[in-house]
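For the sequence shown, the positions run 37 to 430 when our numbering is used. Cβ coordinates follow ideal geometry from the N, Cα and C atoms, glycine included. All values reported here derive from a predicted model rather than from experimental measurement.
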Amino acid sequence: MADNSQIWVSELNSRSEIRSAFPRSKVHFYDTTLRDGEQTVGVTLSPQQKLEIARKLDELGVSRIEAGFPRVSPEDAEAIQLMSKAGLKAELWGFSRAVKADVEELVRLGLRASVIEAPTSDIKLKAYGISRDEVLRRILEAVSYAKQSGITVAYFAVDGTRTELEFLKKVYLSALEAGATEIVVVDTIGACGPEAAEFLVDEVRRWVGPDIPLHWHGHNDFGMATACAVAAVRAGATWIQGTINGMGERAGNADIGEIALALQCLYDVPVALNLSNIREVSELVQKQAGYTLEAWKPLVGDNLFTRESGAVASQFHIPEAIEPYSSELVRAQRRIVLGKKSGLDSIDLKAKELGLAVSAERRAPILAEVKKRAIAKRGLLTDDEFREIVRKTA
Numbered sequence: 037m038a039d040n041s042q043i044w045v046s047e048l049n050s051r052s053e054i055r056s057a058f059p060r061s062k063v064h065f066y067d068t069t070l071r072d073g074e075q076t077v078g079v080t081l082s083p084q085q086k087l088e089i090a091r092k093l094d095e096l097g098v099s100r101i102e103a104g105f106p107r108v109s110p111e112d113a114e115a116i117q118l119m120s121k122a123g124l125k126a127e128l129w130g131f132s133r134a135v136k137a138d139v140e141e142l143v144r145l146g147l148r149a150s151v152i153e154a155p156t157s158d159i160k161l162k163a164y165g166i167s168r169d170e171v172l173r174r175i176l177e178a179v180s181y182a183k184q185s186g187i188t189v190a191y192f193a194v195d196g197t198r199t200e201l202e203f204l205k206k207v208y209l210s211a212l213e214a215g216a217t218e219i220v221v222v223d224t225i226g227a228c229g230p231e232a233a234e235f236l237v238d239e240v241r242r243w244v245g246p247d248i249p250l251h252w253h254g255h256n257d258f259g260m261a262t263a264c265a266v267a268a269v270r271a272g273a274t275w276i277q278g279t280i281n282g283m284g285e286r287a288g289n290a291d292i293g294e295i296a297l298a299l300q301c302l303y304d305v306p307v308a309l310n311l312s313n314i315r316e317v318s319e320l321v322q323k324q325a326g327y328t329l330e331a332w333k334p335l336v337g338d339n340l341f342t343r344e345s346g347a348v349a350s351q352f353h354i355p356e357a358i359e360p361y362s363s364e365l366v367r368a369q370r371r372i373v374l375g376k377k378s379g380l381d382s383i384d385l386k387a388k389e390l391g392l393a394v395s396a397e398r399r400a401p402i403l404a405e406v407k408k409r410a411i412a413k414r415g416l417l418t419d420d421e422f423r424e425i426v427r428k429t430a
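Listed below in structure tokens is the structure:
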């Protein structure tokens, strides 16, 4: 758990009518960066890159790593073999359709656990050209075979949030009867709001009983992935599936770091994730996948602890006045930058940072020149540019 002295959120979050709804058991994270995250348009990870990311996920405290979809990718099979020999603490999970040959490939690679997926919504079944009876037959056959082969199965109902409830109930209960031991509630296209996510997880919990582990797998098409995951935990999900940086198809998957931060800081829910490592892992994944996040991205964005505004810089000495949690929680650096919106306090702070002597009467002309240059270049000044201004106004 985080040090509460590093968390400065609203006291309203602590009200009993809010926090009492959340379980106090630890929430675990099932990371699917290496499979669902790689479905981000234009991203291709080599087996060696996947191994490097897996090691960092392990250090982060991820409980399970979805290592890939080996039946359709020889590179994933190679990556799984590398990870299997890496001595990771996290469990390695595979990914399989409700197809016997997919399961056979998991067995060949020595995997002992896997998600098995099959579509359940009528619109998905129509797209695939199969009936409800046929998909149910495939699920039972694949799950039964996996169980007989010694593989632990979490059944994953594709497009579950758009599936008729009675059929979804039948599918989940049938999968459990066939040998699945865990259930994944899936919002494949991010079509669920947090209230609906909470409702569905609560329904599934009633169907399957208190002892079956429930996962939530969501996407961010309406910007609701974190909120839906939090709602799912409130309803009884103990596993959250997601990716680093929220990478994935369309608007991406749920971001496991954001969810861990929200659960831990806003609701005091214990999480099995070490947030002090999250920015390092985020940077590695960006580098390996070849993309750059927006600077205002929650948790890992470059701007989170960077201040340009003079009004905000005047409060910089009291972090809790301008930030909801300490930069130390995520091992980030706080910094002042100079630009159009800077103020006199910004000049003082930057001068002190750089070891420059600036008298009170020099601050105003220095600030005026800073603003002039920032407007002209439509951006921030570098430290060297600031040093030059200070030197010229001496």
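Using 8 Å for Cβ pairs, my map puts residue i next to residue j. What's the rounded Cβ distance?
i, j, result
"Ile248", "Glu218", "7 Å"
"Phe203", "Val151", "Wrong, their Cβ atoms sit about 20 Å apart, outside the cutoff."
"Gly254", "Ala233", "7 Å"
"Tyr20", "Asn49", "This structure cannot settle anything about residue 20, because the visible part of the chain is limited to 37 through 430."
"Phe352", "Gln369", "13 Å between Cβ atoms; not a contact."
"Trp275", "Leu250", "7 Å"
Taking the CB atoms as reference points, tell me whether residue i and residue j lie closer together than 8 Å.
i, j, result
"Arg198", "Ser167", "no"
"Thr279", "Asp67", "yes"
"Leu385", "Ala412", "no"
"Val143", "Ser109", "no"
"Cys264", "Cys301", "no"
"Trp44", "Tyr361", "yes"
"Met119", "Leu87", "yes"
"Phe105", "Asp94", "no"
"Arg241", "Gly196", "no"
"Val269", "Val63", "yes"
"Gly282", "Asn256", "yes"
"Val373", "Glu330", "no"
"Glu364", "Gln85", "no"
"Leu380", "Gly346", "yes"
"Gly326", "Val79", "yes"
"Val194", "Val222", "yes"
Put residue i into one of helix, strand or coil per three-state DSSP.
i, result
"Leu70", "coil"
"Tyr303", "helix"
"Arg423", "helix"
"Val171", "helix"
"Glu127", "strand"
"Gly132", "It should be pointed out that residue 132 corresponds to Ser in this sequence rather than to Gly. DSSP places Ser132 in strand when its eight states are reduced to three."
"Glu102", "strand"
"Ile402", "helix"
"Ile248", "coil"
"Ile225", "coil"
"Ile54", "helix"
"Gly78", "coil"
"Val348", "helix"
"Ala115", "helix"
"Ile295", "helix"
"Leu145", "helix"
"Leu311", "helix"
"Asp338", "coil"
"Val394", "coil"
"Arg60", "coil"
"Lys377", "coil"
"Ala430", "coil"
"Ser210", "helix"
"Gly282", "helix"
"Ser180", "helix"
Over the uninterrupted alpha helix (DSSP H) stretch that includes residue i, give me the two end residues.
i, result
"Glu356", "It is not in any alpha helix (DSSP H) - Glu356 carries neither H nor E in the DSSP assignment."
"Ser109", "Ser109 -> no alpha helix (DSSP H), and no H or E assigned at all."
"Ile383", "380-390"
"Leu417", "Counting along the chain, Leu417 falls outside any alpha helix (DSSP H), and DSSP gives it neither H nor E."
"Pro155", "Careful: Pro155 lies outside any alpha helix (DSSP H), inside the beta strand (DSSP E) at 149-155."
"Arg315", "314-325"
"Glu231", "230-244"
"Val266", "261-271"
"Lys449", "Residue 449 is absent from the structure shown; the chain starts at 37 and stops at 430."
"Leu161", "158-164"
"Lys92", "83-96"
Considering residue i, what are the terminal residues of the beta strand (DSSP E) in which it resides?
i, result
"Glu200", "Unbroken run through Glu200: none, as it is neither H nor E."
"Ala433", "No information on residue 433 is available, as it lies outside the stretch 37 to 430 that the chain covers here."
"Arg367", "Neither: Arg367 is in no beta strand (DSSP E) and is coded neither H nor E."
Which residues share a DSSP beta bridge with residue i?
i, result
"Gln277", "Tyr66, His253"
"Phe192", "Glu153, Val220"
"Arg343", "Ile372"
"Asn289", "His255"
"Ile43", "Tyr361"
Are the C-beta atoms of residue i and some chain B residue less than 8 Å apart?
i, result
"Val135", "No chain B appears in the structure shown, which is made up of a single protein chain."
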